[in-house]
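Start counting at 1 in the sequence shown, then tack on 24, and there's your number in our numbering.
Every residue, glycine too, gets a C-beta built ideally from N, C-alpha and C.
In this text, all values refer to a predicted model and were calculated from it rather than measured experimentally.
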Amino acid sequence: MRTTILIITLVTASLFFSGASLAELGKMDKAEAQAKTKFDHIGLAEMYEKEANEMDAKAKEQKELLEEYRRHSEYYGREGQDFQSHHEALLRKYVKAVERNKEMAALHRKMAK
Numbered sequence: 025m026r027t028t029i030l031i032i033t034l035v036t037a038s039l040f041f042s043g044a045s046l047a048e049l050g051k052m053d054k055a056e057a058q059a060k061t062k063f064d065h066i067g068l069a070e071m072y073e074k075e076a077n078e079m080d081a082k083a084k085e086q087k088e089l090l091e092e093y094r095r096h097s098e099y100y101g102r103e104g105q106d107f108q109s110h111h112e113a114l115l116r117k118y119v120k121a122v123e124r125n126k127e128m129a130a131l132h133r134k135m136a137k
């Protein structure tokens with residue numbers, strides 16, 4: 025029963041977060057298409073930097089959860105391995121998003137010059 029609830033919670037959370045990121049991606053694409061001036065590119069760079077900072081905070085949270093699991097893995101039983109692999113995957117996703125957003129911010133800063 026607990027496993028079923030855990031799986032349903034994880035699936036629901038992943039769908040929620042993936043939908044939110046797709047909506048943000050649509051906003052960014054539209055803003056990039058409309059960027060024409062130096063100030064537009066500076067604004068986009070700031071937006072990407074803000075997003076990178078948010079993803080970095082989420083990555084730190086995932087690292088803390090993984091450390092908690094590693095310190096007290098005996099508390100999690102069989103579900104612990106699923107817990108660990110899920111949070112490792114989220115950590116990779118957030119780290120990749122941080123890198124991509126920083127690259128895009130640097131690109132728009134360069135375009136603004």
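Taking Cβ positions, are residue i and residue j nearer each other than 7 angstroms?
| i | j | result |
| --- | --- | --- |
| L68 | H110 | no |
| A148 | M71 | Outside the shown range of the chain, which is 25 to 137, sits residue 148, and nothing can be said about it. |
| K62 | A136 | yes |
| Q108 | Y93 | yes |
So is residue i buried or exposed if we call it buried at 16+ other beta carbons inside 10 Å?
| i | result |
| --- | --- |
| R102 | exposed |
| E127 | exposed |
| A83 | buried |
| R77 | The displayed chain sequence assigns Asn, not Arg, to residue 77. Flag for N77 reads exposed. |
| H65 | buried |
| E91 | exposed |
| E123 | exposed |
| E98 | exposed |
| K74 | exposed |
| N125 | buried |
Taking the alpha helix (DSSP H) that residue i belongs to, which residues open and close that run?
| i | result |
| --- | --- |
| Y99 | Counting along the chain, Y99 falls outside any alpha helix (DSSP H), and DSSP gives it neither H nor E. |
| K87 | 62 to 95 |
Restricting to Cα atoms, I'd like to know which of the options is closest to residue i.
| i | options | result |
| --- | --- | --- |
| K117 | I66, D64, Q86, K62 | Q86 |
| L114 | F63, E88, K134 | E88 |
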